[in-house]
Every structure is written in C-alpha cells, then in structure tokens.
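Written below as structure tokens is the structure these notes are about.
There are 4 protein chains.
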Amino acid sequence: MVRIGLIGCGYWGPNLVRNLTELDEADLAVVADLDPSKTRKLARRYPTIRGTESADEILNDSKIEAVVIVTPAETHFDLARRALEAGKHVLVEKPLTLDPDESRRLAELADRTGLTLMVGHTFEFNPAVRRLKALASEEAFGKVRYVYSTRVNLGIFRPGINAMWNLAPHDLSILFYLLDEEPASVIALGKAFLKPGVEDVVFLFLEFESGVIAHVNVSWLDPSKVRRTTVVGEKRMAVYDDLDSEQKLKLYDRGFESTLFEEGGMRDYQVRLRAGDILAPKIETTEPLRLECAHFLECIQGKKRPLTDAWNGHRVVAALAAAGESLRSGGKKVAVARGPRPAPQGSS
Amino acid sequence: MVRIGLIGCGYWGPNLVRNLTELDEADLAVVADLDPSKTRKLARRYPTIRGTESADEILNDSKIEAVVIVTPAETHFDLARRALEAGKHVLVEKPLTLDPDESRRLAELADRTGLTLMVGHTFEFNPAVRRLKALASEEAFGKVRYVYSTRVNLGIFRPGINAMWNLAPHDLSILFYLLDEEPASVIALGKAFLKPGVEDVVFLFLEFESGVIAHVNVSWLDPSKVRRTTVVGEKRMAVYDDLDSEQKLKLYDRGFESTLFEEGGMRDYQVRLRAGDILAPKIETTEPLRLECAHFLECIQGKKRPLTDAWNGHRVVAALAAAGESLRSGGKKVAVARGPRPAPQGSS
Amino acid sequence: MVRIGLIGCGYWGPNLVRNLTELDEADLAVVADLDPSKTRKLARRYPTIRGTESADEILNDSKIEAVVIVTPAETHFDLARRALEAGKHVLVEKPLTLDPDESRRLAELADRTGLTLMVGHTFEFNPAVRRLKALASEEAFGKVRYVYSTRVNLGIFRPGINAMWNLAPHDLSILFYLLDEEPASVIALGKAFLKPGVEDVVFLFLEFESGVIAHVNVSWLDPSKVRRTTVVGEKRMAVYDDLDSEQKLKLYDRGFESTLFEEGGMRDYQVRLRAGDILAPKIETTEPLRLECAHFLECIQGKKRPLTDAWNGHRVVAALAAAGESLRSGGKKVAVARGPRPAPQGSS
Amino acid sequence: MVRIGLIGCGYWGPNLVRNLTELDEADLAVVADLDPSKTRKLARRYPTIRGTESADEILNDSKIEAVVIVTPAETHFDLARRALEAGKHVLVEKPLTLDPDESRRLAELADRTGLTLMVGHTFEFNPAVRRLKALASEEAFGKVRYVYSTRVNLGIFRPGINAMWNLAPHDLSILFYLLDEEPASVIALGKAFLKPGVEDVVFLFLEFESGVIAHVNVSWLDPSKVRRTTVVGEKRMAVYDDLDSEQKLKLYDRGFESTLFEEGGMRDYQVRLRAGDILAPKIETTEPLRLECAHFLECIQGKKRPLTDAWNGHRVVAALAAAGESLRSGGKKVAVARGPRPAPQGSS
C-alpha cells in the first residue's frame, strides 16, 4: 500500500480522491487545499481522510510516499520539484508545467532521483484511445495521413490560463501517443473574447517530419460539447467520439487509392474511391482515471517508468509553448524545440 | 419567358437542367457538352431540349438570351466573357473564376453592359442560411465573434482543382454573406495526399477588420460527411447543420457575459455563464437551387442586380486566391486584396 | 422492350414514371389520371408520354403489354383484374387490395393466366433489407426471437384509408420476408384522433407459430419521422434505420446466453451477457424502386415469378384484414386466415 | 436532522447512500444487507455508517426515525409494514409491492399512522419530467391524445422479476403523473426468451377513460439503450429523451388541425398540417434522486404528504397487476381495479 497526500481539491481533485479511495493499493491519508470548505466537504464523505490548508504539511510528512498534485498549472513546477526533492513519488495533473525548461528540469530530476514522476494525461489510459492506437498501428490501416481534433463546449472559464493550455493538452497527448512522434512546427491562431489576454478560442495546426499534419480546435465558447478526434490513414479511417456512448470508436474501411500510371508517355494519378464497412469495436468501460491511478501505483511499486512519464509530459509542454509563441505573433509558424532526452522512453 | 442555353452537363449540370425545366419563366432550349453521351442521356428524359457538343452554338445563337455555365472552373472566365460580349445574361457556377483579376474583369464587364451576371453561390439562397443571417443580425444575438465551418466527406476527387477551390467557395460565400464583410487576411494550411500538387485537405483561418475570426475545414478525405457552420455571437450562438433533417438550424440562447469591475483599486473581468433554451426554427423546404434559378430569371426580367452578383463572386475568388498563396507558402498570413468596387452592391 | 401504361399519377406515381423512363427495357407510353392537370404537368417533363383521363384507354389498348397501377387502394382489385383479363402484366402498388378474398382471387387469376402480377412492396428490393435478411439468416445470428418496427411521422393524412393500411404494409412485408413465415394471430389497437373512423395511430402485435413475436407502431401523428426495425436473434441483433445515411444497418454482436444447469438437485437458468462489436456493413445505394421496376421487367421477359408476387401481396392483406378486425373489436386477438395456396411461392 | 437506516445495498442502494450522505438533514446511521461484503465495501468509503446483516436491527432501533428500503420487490410489503408499525417513516423503492392488495394495505396503514410512506418513483422528481408536465398542461399544448414510451437495453437480467415489473414502473409513474389519470384497462403481450416464466420483452397498451391511449415497450433484450417518451397533444407534441444530453426535452409546435365542415349537405373533416418550431428548454441538472431524497426529508419534517405517496405507488402496482394478468392470458384486455381511496391525494 502506498501512503498518499493530495494537494488541490477544486474541480478535478475530487475525482482523483474518489478513484484513489477505491484502489486497494492506495492509502489516501491527507488532502490539502487553501480553501478549508473544500476539505471539510470532503471529510464529510471520506471521514478517514485528514484535511489541511497547508501543502507543506504533506511535503514535510515523512510517512507520505507519494504526492498527487491537482493544483493550478502555474504551481505544478514548484510543488512537483519540492515533492521529488523530499523523496516522494509524484502524480501531477496536466499540463506538467507552463514552461518547457521547467518540465525538462522536472523530467531530469525524476530521472536522477529514480522516483516516479507521472503526468495525468488521462486519455492515454482511455480504453478507446488505446484501441484507436492499436487499430491505427495495424498494417491494414496504412500510414496515418492526418488527424484533427475538436474539444469545445460552453465551458468553465478559467481566468488564469487560456483555452489552449486548458484543453489542448488532451488533444496533443492523444496525438503524440498515436503517432509516436513530436511535431516539427506549430501555428496557433485564436482570440480572447471574454477577458483580454486569455484566448478562449484557439486553432492549432501542427506539422510532423514524417509528413503527418494535424489540426486541433479548442474553445470555451461553443454552443455544444464536442470531444472528437478523426484519424485518416492511407487505407482506413477512424473516429473517436468520447461522447458517443454506443460507438465511442468507429473504424471506417474506406479511402481513396491513388496509383501513378504511365500511358503514351503521359504520367498521371488515378484515384479510386473505396467504401466499405464501418466497425465499432466494443470498448472496455473502466474509468480511465482509475486505470491512470492504478498505473501510478504499479509504477511506484514495480519501479517501472510510467507510460505518461515526465518526458511524455514535457513534449506536450514544449508543443504548447511553441504554440503560445505563434499565438502571440498572430500565427507565425514556430519550430518546436525538442533537444536531447534520455533514450528509453517507456517500459509499460 | 427567358430562352436559355446551358453549357456543361457533368455532375452538377443535370440539377440545373431539372430546376430550369420546372420553372415557368425558363425555356431551356439547348444543352452543350463535349461528351455527346451526356446530352444523349439528357435528351431521353427531356426530349424538348436540343443537345450539342459545341458551346459556340449556344454563344452564337441570337435567340438565346441567357447562358448557364456549369463547366470546370478554369473555363468560366472565357465562356462568361464571351457570353456577355454576345449580349447574353449569364449564370455561372462557383467559383466565378480561379483568378481575382479575371473575376474583377467579369464584374466590370457586367456593370458596363448592364447584363445580369450571377454566380451560383447556392447557399445564399438556402432558406436555412437566410434564416441564420436574419437571426445573427438581431440585437438579441449580439455581435458575431467567430464562425467555424466544416465541409468534409469522402468525396469526389477532382484532379484539376484542389479541395479548397472545390469546397470552400460554399463556406466563404456563407461567411461573407453572414458578416457583410470581407476578410483582411487569410492563412491556409493543407496537404496533397492523393496527387502531388492537389491539396485534398485544407484548413483556412480568416481575420476580419471588425475583429471577427473564422475557420474553415475542407476535405475530400474524411470518413464522414459533415456540412456544419457554427456562429458564436456575443449573446447567442447558432449551428447550421445541413445534414440534420429535423433541426437544420439551432439557436442557442447561451453564452458568457463578461463584465469589467473595479474593487479596491483592482480591475478584473467577471465572467458568468448563461445557459438557456435551444430553438430550432422551422425552415422552409424549397430547394435552394430552384430559388437561385428563379432569382436569376427575376433579375433578368426585372433588371435587378442579383444577390450573388459578380462582385459577390469576386470577393470569394479574391479570398481563395490569397488562401492559395498562403497554402503554397506553407502557411504565411496573406492579405486579401480588395481594391475599389462600385458602391451599391445589391438590391435584392 | 415492354410497352407500359401507368394508371394514377398522384403522390407516388411520378416516382414510378421517373424510374420507368430511365430503364432501357421499359417503354412508358401512356399515363392515365382523372385529374388532367397531373398528366399535363408530367407531359411537360416527359413529352413522349401520352396523357389521358381514362384508365380504360390503357386497359383497351392492345399494344400495351403491362400496366402499372398507382391508384388509391380501393380501386386496385378492379383495375388489376381487368388488366389481367385483358392479357396484361400488372405491377400494382401496395396494399394489393383491401380485402383478402380479393387479393386471393387476383393471385389465382395470375396463376391461371400465367401473367406476371407483382405487388410494389419496395422494401423487399431495398439493399439494406436484403442484407438484413442475409445477416439474420446466418448461423451466427441464431434464430430470430422478436422484431419490432416503428414507422411514424407527421405525415400525409389520407382521408380514405387509416394509418395502418397506409403505413404497415411496409413493415409487414419486411417482417414476413425476413421471417419466411406468416403470423398466426394479430392484436391491433389504435385510435382515430383527426377524423372519426380513420385511425391515425395503430399498434400491432403479431404472434408466429415458430414462437417469434413482432410489434409494429405506425402513426401519422408523431413529432418526428422514424423508420426503424429492430431484429433480435438468439446470438446477434440488428437495427435497420432507413433514415441513418451513414449506418442504415447495424449488426450487434451481443446478446444474452442462457444455460440450464442442475446443481444439488436444483435446476436453474444461468444468463450471461455478451457484448461485442457493432458492424455497419456497406449498403449498395441503388434506389429500391428502380430495382423493383427492373425486377418487374425481368419477370415479364424471363417469365419468372416475382419476389413480391400476388401471394406475397396477399399475405400482407390477410394480416392487415385480421388486424382491422382486431382494431374494430378494441384489441381482441384475431387469427390470420391463411388457407391453401400453391406450393412453390417464389423462384427469384 | 433525520436519523435513517437503509436496508438493501445491491445495485441501487449505493446511489441512495451517496445522496443521503450529502444532504444536511439526513443522518444515515446504519445500512443492512444480507451480504456482509456489501456493507464492508461501503464502510470503507463511509466510515461513519454502521453495517449490519440484520434488517431487524434497524427496525428495532428506536433511535432510527426513517427507513429506506432498497431490497428486492417481493420483500417490500413486509419490511415497509413492519417499519410503519415500528413508528418509522419509510421510503421504499419502486414498485411499492408486487400485489395491489398489499400496496393498498400499506397506503391505508400510512394514512392511519400519519407516518410518511413514500415510493421511490424517481422520475417524478426528474426536472425534465416536471417540465414536460408543465408544458403538456398548458393551454397551448392542447389535450394529450396519446403517449408512448420505450425503455429498452441489453440490461441486467433479474431472475426473480420480469422486465415489466422491473422497467415499466418508471413509464407508468411518468404517464400517470403526466395525465393525472389512471388507466381503465390494459393489454400486455410479451415473451420469456431467456428463462421460462420471466418475460424479458413486454409491450403494454393502456386505455384511459378520458380517451387517451398509451403504449409502453420494455425489454432487457435489445441492442441499444433507449429511454424515450413521446407525448402527442392536440396542438403540440413533446419528446423526452433521457439519454440526449443536449436536448432532453423537445417541444414541437406542430400538429394537425381537424375541422368539421358542412358543404352542400355533406359533412366532412378537413385536416391541415401545421409544422412550426422545435424548442428544447433548458433543464435544470440536479440529480433526480437527490431531489427525491430531499423531498422525503421535507415531508417527514414538514408533515407533508409526498408527491409519490403510497397511493401514487399503489396506482402503478394496480396497473402492473392487471397487465400481469393480461400477459398470462396471452393478451386479453384486463380492467384496472381502482376502488375507493382517500380524497386528497397530494399536497406538494
């Protein structure tokens, strides 16, 4: 059993509390929040959990082996660093940090200390996303050509972070996981309608060295909730719609076939449409956050590198930082800094 | 009654033939197509229509008062110019031309000759689009903030024109009609997967002087057919989904309200969510193409300037030409040339 | 080529005209309708078709080989009988008649004369229904357990016939085609809201000797249009939704497995849920009415018995007549008269 | 604060536990379940709740003021009776009992003792159902003509109770609440496919003295989950789809208008279609079960008669008992026994 302290009990924290309390290997002992009404409310439902207003109480508690950080993104770096320096394993919500230098430093610190530093990129634990990756990796799917993703709704406006930093980490984490590749460049365009300087609508465009292109549309200011990713391969196509309860994932056996032919000295491309069946594979219904929490515990106990380790979190931060620069420049193409990283990236 | 010749009987031509034959004021006398099997097939169904392989036969026929041009876009300029010079009224399919100099010259020629030159931007005759414009123009909707539009499917691959020139004229014509404004600049990104040089997937991003932004996603290489435009206003939002037979148009009485407040010397924005009813107004079901054809005849007979006159067609061509330049440059922002135009743009 | 006369040019007639004119083997020479404005309108579009107000002109024309009857149901018997007696092949719209004695007499007359008498049960030519039958007949589907079908909308109110006789022929024709079985009994319940004596809403319940049960819900007084049939088999299930353009047919690899077990002298059923993939097979998009018309011509020319011959039409009339009796009695179970019929029912 | 004991912690019990623990006025002290693993699991999450295997422990505990019964339906009568006799208020899950004599006796016992006896007909607390009733009661809606309801899925097979007793209480409770009327007669048809004697598919047909008719379709053996009720009024129509997250309730301003006219001594009905807008009103998102629990507490504390009091529960049991008789008889129409009941039925 792993003794855990959790910092931050706002919107998302209670979901982590709920999942951790249901896992046999987790012993969630303390929850910290600056707002005592939050922990008091929690205590009513989970009387065994101690509440505190002080994150330090958790960081300084030698009996706490692991810290779960669910605070605003701007505090992630500092809290995660201090937790690692205190010898604790860390699960930190996405985005890992708001700055790629800081995410790199955290990743290096985790590597150096041998502690588990995992980022809460929940979608990489989502059974539908897992299945999507498996299908898109099959020979029959062909090479991925392009991906586009929409994550919009009339959402929770967060004054401190724009819609891109709030929503796009999900899309980018899914995208990089699917492609096993990081983008070469990014263009970002958007606008702040509600509060100057805080973009509520952002369109991202990413290019990869392999030739794949991707588009991401995020917004807090949309009439309907959409959570959908389309993956177009050379031979098949897939749509992952997280809000479709019956067919979360659809695999389309359709596409164009393009053949170069020569006739009478002339060369041209013949393009033929192929339209086949649609398959909606059965998707396991386990809650992704539960799988994520269980994975965190397994990595700690089995000394395994997490699927969404700090380098995984770093690549998302690096892409978003470049996108932020493009956004501020009004849409210039910005190269995504990648630089050196340790060779073996995951073992799970 | 207006005596009409139609040139081009490929994919879209037969729809114009069908609508014209059903209108009392139209007398569709001749149809020209280079492929005699096309006109032969037509003659079977409409024995009163004469078929010919020669467009000249129509252009030179002094009894023909109006010419409908449904040929590939690269031939529009030449055919429309010759028809106008022969003193005939012209309805030409979208895009008006592939070059803004040519579309401008056609517009000027039409103005000079006083002949009707109308562009087949069918969506501006679509009752759902008309209603959308009416709703978005109401005080209660607030100023439009942004618009995004998706027009994708596993479509008809056209070797001679990319997906942007093929599909985006619809979205841009809807957009400019809604906003009564032309874009200041455009960024276009895309990729040619099936045939080098012919982009099958394009993402457009447009900025307007008024502050509105717009995004358009077109593709021939998509698993599902989507025809959807979302309009986000300051107070309300609307979705126009052309494939939703029950609710083509939805008006959402929801949004955020942002108020600047000062307290103790601090100024901040308070953002409050407002979620209200959804209204799907009843939409008249008349076929838009029929309304378009009837409008063409009315303009000829009443000497009225068409809603989708050549200047209307020109603004779409100008935006697409700028987008094409951005596409070729890999996504640079390109200003949309607008220049002088005659003051009164429409009278219908 | 078969020389054809068509009687009745109201709501559905023009669809038959359109399809017949497009088939090489059909020569639609005359169309009769009591309302001369109907045939005049038609002549405008199809100048080669002669219009007449007199059905007799068709029935007495010795050059007409086949008659297509698209008149109100109460006239079917008389017109079809006279056409057969005049030595003509007949395609008659559904329902074949409003009385099972009459439908039987027509079937017998067709058998005796050797002429083709086919009923316009279009759905049996619908590629999705064909595929549904093929799938439901596979070993992997298991025996069909029950079927239910909904055909409702805010429809065309027809004063002379109730919603059951107007809409349910489609559902029953699909049902009997799928099951290769006729019902043993039927219960019908409904109500006339708009005009006394003309039920606008009817619920049917059918029982089959094989143990299958079926339910049909038809209405002219429903807010939404629904055209959906669900087929539940022992091992798989299927849904045919005629209005779903992307997934007209869905095959669900799911069900319960029930096993009888004995333990300690106790016997019980263990029921285990099995939930698997959903498959939406690609469905050919040819218009069913065109396939129906082509089949009619093939049967005439090849002297084949039609898939939807008069006995096929009779079984629908027999079931509806029993249902009508149940409806009038307020929901009593009524046996469906079947009686003798010639052994070989179909050869197509 | 009301001190509460809850009996039965299977599938639904934990939802009641969760809601009760979150209400300030509830003090859930004890939970009983025959299976100690259930209460042990619960205790992990709610350490303040005492677990027991004995319902008697709750019934005999004089400090317990109210008992919540979430056990299989066959035990409801006995447990509720004993709780009332012990002077405790009771919230019992639906159906109140499996026998209308028993439900009547409970209702009378509650009236006699003055204790609160409430039935868990959650849907009557559902904000969408509340709004539906409000809309359907408006003058503009016209008199309700008919209602039909579908509640199917590939569900949890329950060996001891058929799909009708399991699912239809929801539909009937919604129906009687909407209409403020009980049915005069019922016809039920169904079949037991998985286990002899336990119908998994049932179709109900109800007639009301006011002329309203209703149809209910329930099944455990269906490929898709459907939870939908359609209400057709004289002037408007409504659809309540519990699974539609954006438009749970849709109000259709459409219908037929039927006018009787006389002309030249002839009388006939002229029927005219009216198709107008669709309105999806915003629905409050509070969990219905929470509203139900709060209502129970309010009724106890304010000595009010619950909306879903025992007479409300009784009318559902009476209709289901008649339906069961019809089902066993193979579909005979069975009158629903109503008999005397105390005049004032609700005060909330």
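Protein chains in written order, with this note's numbering: chain A, 1 to 348; chain B, 349 to 696; chain C, 697 to 1044; chain D, 1045 to 1392.
Built from N, CA and C at the ideal position, the CB exists for glycine as well.
Computed from a predicted structure; not experimentally measured.
One finds Ser572 in chain B with Cβ atoms closer than 7 Å to the Cβ of Glu942(C), taken in chain order.
The C-alpha of Cys989(C) lies about 58 Å from the C-alpha of His121(A). Of all alpha-carbon atoms in Leu172(A), Tyr240(A), Leu135(A), the one lying nearest the alpha-carbon of His215(A) is that of Leu172(A). Burial state of Asn822(C) is buried, judged by a 10 Å Cβ sphere holding 16 or more other Cβ atoms.
For Pro183(A), the CB contacts under 6 Å within the same chain, skipping 5 residues up- and downstream, are Leu206, Phe208, Ala319, Val336 in chain order. Taking C-beta atoms under 8 Å as the contact rule, Val1246(D) and Gly1234(D) qualify, at a distance of about 3 Å. Counting of Cβ neighbours within 10 angstroms places Arg44(A) among the exposed residues, the total staying below 16. Contact check for Leu917(C) and Leu850(C): beta-carbon distance about 7 Å, within the 8 Å limit, so the pair qualifies. The beta carbon of Met349(B) lies closer than 8 Å to those of Asp372, Glu373, Ala374, Asp375 in the same chain, with the five residues before and after it left out. Taking 8 Å as the threshold, the shortest C-beta distance from Tyr1221(D) to chain C does not fall below it. Membership of Asp27(A) in the beta strand (DSSP E) is indicated by the continuous run 26-32.
According to the DSSP secondary-structure assignment, Gly51(A) is paired through a beta bridge with Val31(A). Following the DSSP letters along the chain, one finds Ile535(B) inside the beta strand (DSSP E) bounded by residues 533-539. For Arg254(A), the enclosing beta strand (DSSP E) has its first and last residue at 249-263. When Pro384(B), Leu427(B), Tyr588(B) are compared, the shortest CA-CA separation from Arg478(B) is found for Tyr588(B).
DSSP places Met164(A) inside the alpha helix (DSSP H), whose first and last residues are 163-179.
Judged by DSSP secondary structure, Leu457(B) falls within the alpha helix (DSSP H) whose first and last residues are 448-461. With contacts defined as CB atoms closer than 8 Å, Phe1201(D) and Leu1238(D) qualify as a contacting pair. The count of Cβ pairs closer than 8 Å, one atom from the stretch 791-804 of chain C and one from the stretch 961-972 of chain C, stays below three, leaving the stretches out of contact. In the DSSP annotation of this structure, Leu1265(D) is not part of any alpha helix (DSSP H); the continuous beta strand (DSSP E) holding it starts and ends at 1265-1277.
Put simply, the backbone Cα of Arg254(A) is about 33 Å away from that of Tyr842(C). For the options Asp1312(D), His1358(D), Pro1139(D), the alpha carbon positioned closest to that of Ile1205(D) is the one of Pro1139(D). Glu413(B) and Ala380(B) have their C-alpha atoms some 15 Å from each other. The three-state reading of DSSP puts Gly1357(D) in helix, counting H, G and I together.
With contacts defined by Cβ atoms closer than 8 Å, Pro654(B) and Thr419(B) do not form a contacting pair. Per DSSP, His121(A) lies in no alpha helix (DSSP H) segment and is marked neither H nor E. When 9 Å is used as the limit between beta carbons, Pro47(A) is near these residues of chain D: Tyr1090, Pro1091, Thr1092, in chain order. Closest in C-alpha terms to Ala403(B), from the list Trp360(B), Tyr617(B), Leu427(B), comes Leu427(B). Per DSSP, the beta bridge partners of Arg970(C) are Gly951(C). From the beta-carbon of Val232(A), the residues of chain B found nearer than 9 Å are Phe541, Val549, Ser567, Leu569, Asp570, Pro571.
Using a Cβ-Cβ cut-off of 8 Å, Thr498(B) does not count as an interface residue toward chain C, since no Cβ of chain C sits closer than that to its own. Considering only beta carbons, the part of the stretch 961-979 of chain C lying closer than 7 Å to chain A consists of Ala971, Gly972, Asp973, Ile974, Leu975, Ala976, Pro977, Lys978, in chain order. The secondary-structure analysis by DSSP pairs His1133(D) across a beta bridge with Ala1110(D). Shown here, Ser245(A) sits in coil according to DSSP, grouped into three states, outside any helix or strand. Scanning chain A for C-beta atoms nearer than 8 Å to the C-beta of Arg676(B) yields nothing, as the closest lies near 14 Å away. Nearest C-alpha to Ala434(B) among Asn565(B), Lys411(B), Pro507(B): Lys411(B).
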